[in-house]
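These protein sequence lines map, in sequence, to chains L and P.
Residue numbering for the first sequence is 1 to 185, as defined by the working numbering.
Residue numbering for the second sequence is 1001 to 1279, as defined by the working numbering.
For every residue, glycine included, the Cβ atom is placed at its ideal position computed from N, Cα and C.
Everything on this sheet refers to the single structure shown next.
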Amino acid sequence: MAIAICAPLTRETARTLRAGDSCLISGTIYTARDAAHKRLCELVERGEALPFDIRSSVIYFVGPTPEKPGQVIGSAGPTTSYRMDAYSPALIALGQTGMIGKGKRGPEVIEAMKAHGAVYFGAIGGCGALLGKCIKKRELVAYEDLGAEAICRLEVEDFPAVVIIDSLGSNLYETGPAAYLEKEK
Amino acid sequence: MRELSAQQITAVVSRLCVEANCHLPQDMKERIRESLDRETWPAAREILERITENYEIADTENLPICQDTGMACVFLKIGQDVHITGDLARAVDEGVRRGYRDGYLRKSVVRDPLDRVNTGDNTPAILYCEIVPGDRVEITVAPKGFGSENMSAIKMLRPSDGLQGVKDFVVRTVKDAGPNPCPPVVVGVGIGGTFDKAAYLAKKALLRPVDVPNGSPFYARLERELLDEINALGIGPQGLGGRTTALAVNIEQYPTHIAGLPVAVNINCHVTRHKTEVI
């Protein structure tokens, strides 16, 4: 059974999630990829305010296709997360509690997740047409010049994601394949 | 000598960009279904079902299968008895520009690898031309996403590394990539030629339908052996475990130098897209 999750995501809730949990996320999340993360971290370094409340926020690593007339958003699946590894720890330290992406994360990110209580969700890569359907509203927040990489506020309903790495550092990319291979023995 | 105008090329490239991005080739759909039939791990089965649902939505609603609509790789086979009037390379880029604009595809190309300013129209294309007999032009558009492109690798092996060296390098590349390139993947392998030729062969291997084996029985067997070894790794769909790590291994080989054994591995995701038209 999937766990219903509300975003923004409190640290308390983030800490209850475990690697392998299937979740359906509803509420408000933010989009950001490489270029937007770089700018956010430059603001942090200069001590300036971020364009949205980072506390308890869930950031979706996505650069959607343009919406057709009548669409809220185009295809919108996750991008590979390790490119955000240089930036995620600083944002987690400021209170970000969730990340949605796909693929491995570096030790520096996992340490920050453990220290501050954050969780890394995986969405299915290459399923942008399907995942776009869970996005009900989109609003530009910052960096319009970045095009598909601009920061947007999304309202999502029952967005399917699996907890890949939890706040204790347990990692489904290690335990999942290991459990499968054990069964196949 | 048959005359073709560059505008005709533009129109075809534009159409192929949209069609390739919204409609997964039939051979890929069948291979995903076969993999689902053989898959026993519940999490893996669920992901393969979602992947199927996704390309069905894309088909019905003409939506991009994946939001990474890629860099447009365009392969032209130009008959030597065709005369093209106008600027061919510009005509191809114009086709990409129109296809990505009119098809609501994502513009993912930056003008310089270090200053990283988006060109805004997904140009330029990556263009390869081959001269062949005849008076026709075969145009293939293969949009290439970079989640999988980034997990690709090339190595100049020693001839003494031999067959085992090639196999080890291919399997290790897929293993190291793990969940990053959106498995189940299609693995394009180029063996031989020069440094650049091997990479080109690996890319070209991804254009061959996944149900068509290499023409040489030796390399066809190697494709099957590599696929079995990769699917014994346990990575599974999206890296969460399971049998289906790769849907296919396609190899292209070429003569090489007495001192060399280049091997390139170009990984593609489960959205291995390409569309061809002959004019």
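Residue-chain proximity (Val-1271/P, chain L), Cβ-Cβ < 8 Å: Your numbering for residue 1271/P matches position 271 in the second sequence. Judged by the 8 Å Cβ criterion, Val-1271/P is in contact with chain L.
Own chain, CB closer than 6 Å to Ala-1264/P, minus 5 neighbours either side, in chain order: Here residue 1264/P refers to the residue found at position 264 when the second sequence is read from its first residue. So the qualifying residues of the chain are Ile-1154, Gly-1190, Ala-1198, Ala-1199 and Ala-1202.
Distance, Gln-96/L Cα to Arg-55/L Cα: Numbered from 1 along the first sequence, position 55 holds the residue referred to as residue 55/L. Numbered from 1 along the first sequence, position 96 holds the residue referred to as residue 96/L. So the two alpha carbons sit approximately 5 Å from each other.
Proximity below 8 Å, CB of Ala-1142/P to CB of Phe-1218/P: What you label residue 1142/P is simply residue 142 of the second sequence in a count that begins at 1. What you label residue 1218/P is simply residue 218 of the second sequence in a count that begins at 1. Going by C-beta atoms, Ala-1142/P is not nearer than 8 Å to Phe-1218/P.
As assigned by DSSP and simplified to three states, the class of Gly-1236/P: Sequence index remark: in the second sequence, residue 1236/P carries index 236 (1-based). Three-state DSSP puts Gly-1236/P in coil, outside helix and strand.
Straight-line gap, Thr-1173/P to Asp-1068/P (C-alpha atoms, nearest Å): On the second sequence, position 173 is the one that residue 1173/P refers to. On the second sequence, position 68 is the one that residue 1068/P refers to. Their Cα atoms are separated by approximately 22 Å.
Where Tyr-1104/P meets chain L, residues with beta-carbon distance less than 8 Å: The residue you call residue 1104/P lines up with position 104 of the second sequence. Ordered by position in chain L, the residues that pass the 8 Å Cβ test against Tyr-1104/P are Thr-65, Pro-66, Glu-67, Lys-68 and Gly-74.
Contacts around Glu-157/L, its chain only, beta-carbon distance under 7 Å, and the 5 residues preceding and following it disregarded: Your numbering for residue 157/L matches position 157 in the first sequence. Excluding positions up to five away in sequence, the list reads Ser-26, Cys-134 and Lys-136.
Three-state secondary structure assigned by DSSP to Lys-183/L: Residue numbering aside, residue 183/L sits at position 183 when the first sequence is read from its first letter. Of the three classes helix, strand and coil, the one that applies to Lys-183/L here is helix, per DSSP.
Exposure label - Phe-1169/P; buried when at least 16 CB within 10 Å: For the purposes of this step, residue 1169/P is identified with residue 169 of the second sequence, where counting begins at 1. Burial call: buried.
Cβ-based contacts, 8 Å cut-off: residues of the stretch 1103–1135 of chain P near chain L: Tyr-1104, Leu-1105, Arg-1106, Lys-1107, Ser-1108, Arg-1116, Asn-1118 and Gly-1120
Ala-115/L classed as buried or exposed, judged by whether at least 16 other C-beta atoms fall within 10 angstroms: As a working note, residue 115/L is residue 115 in the first sequence. Exposed, because fewer than 16 other Cβ atoms sit within 10 Å of the Cβ of Ala-115/L.
Contact with chain L by Leu-1063/P, beta-carbon distance below 8 Å: Within the second sequence, numbered from 1, the residue matching residue 1063/P stands at position 63. Answer yes: the Cβ-Cβ gap between Leu-1063/P and chain L drops below 8 Å somewhere.
Contact set between Val-141/L and chain P, taken where Cβ atoms lie within less than 7 Å: Start at 1 with the first residue of the first sequence, and residue 141/L comes out as number 141. By Cβ distance, chain P contributes nothing, its closest Cβ being about 18 Å from Val-141/L, past 7 Å.
C-alpha gap between Arg-153/L and Glu-139/L, whole angstroms: Here residue 153/L refers to the residue found at position 153 of the first sequence. Here residue 139/L refers to the residue found at position 139 of the first sequence. Distance between the alpha carbons of Arg-153/L and Glu-139/L: 5 Å.
Own chain, CB closer than 7 Å to Cys-1066/P, minus 5 neighbours either side, in chain order: One-based indexing of the second sequence puts residue 1066/P at position 66. Gly-1145 and Val-1271, listed in sequence order.
Span separating the alpha-carbon of Gly-106/L from that of Val-1013/P: Here residue 106/L refers to the residue found at position 106 of the first sequence. Here residue 1013/P refers to the residue found at position 13 of the second sequence. The straight-line gap from Cα to Cα measures roughly 40 Å.
8 Å Cβ cutoff met for Ala-1205/P and Gly-1188/P: Within the second sequence, residue 1205/P is the residue found at index 205, counting from 1. Within the second sequence, residue 1188/P is the residue found at index 188, counting from 1. Yes.
Strand pairing of Gly-63/L, partner residues [DSSP]: Residue 63/L sits at position 63 when you count from the first residue of the first sequence. In DSSP, Gly-63/L forms no bridge with anything.
Contact list for Glu-1229/P against chain C, beta-carbon separation under 7 Å: Absent here is chain C; the protein component of the structure consists of chains L and P.
Minimum Cβ-Cβ distance from Thr-97/L to chain P less than 8 Å: For the purposes of this step, residue 97/L is taken as the residue at position 97 of the first sequence. Thr-97/L does not count as touching chain P.
Spatial distance of Leu-130/L from Arg-1050/P (CA atoms): Stepping through the first sequence from its first residue, residue 130/L is reached at position 130. Stepping through the second sequence from its first residue, residue 1050/P is reached at position 50. If you take the alpha carbons of Leu-130/L and Arg-1050/P, they lie about 8 Å apart.
Reduced DSSP secondary structure (H/G/I, E/B, other) of Thr-175/L: Position 175 of the first sequence holds residue 175/L. Three-state result, Thr-175/L: helix.
Beta carbon proximity, Leu-130/L to chain P, threshold 8 Å: Reading the first sequence from its first residue, position 130 is the one you call residue 130/L. So yes, Leu-130/L belongs to the interface.
Assumed close pair Gly-231/L, Pro-78/L - CB separation to whole angstroms, cut-off 8 Å: For residue 231/L there is no data in the structure shown, the boundaries of chain L being 1 and 185.
Bridge partner(s) assigned by DSSP for Thr-1256/P: On the second sequence, residue 1256/P is found 256 positions in, with the first residue counted as 1. Beta-bridge pairing links Thr-1256/P to Gly-1193/P.
Presumed contact (8 Å Cβ cut-off) between Gly-233/L and Ser-81/L, rounded CB distance: Residue 233/L is absent from the structure shown; chain L starts at 1 and stops at 185.
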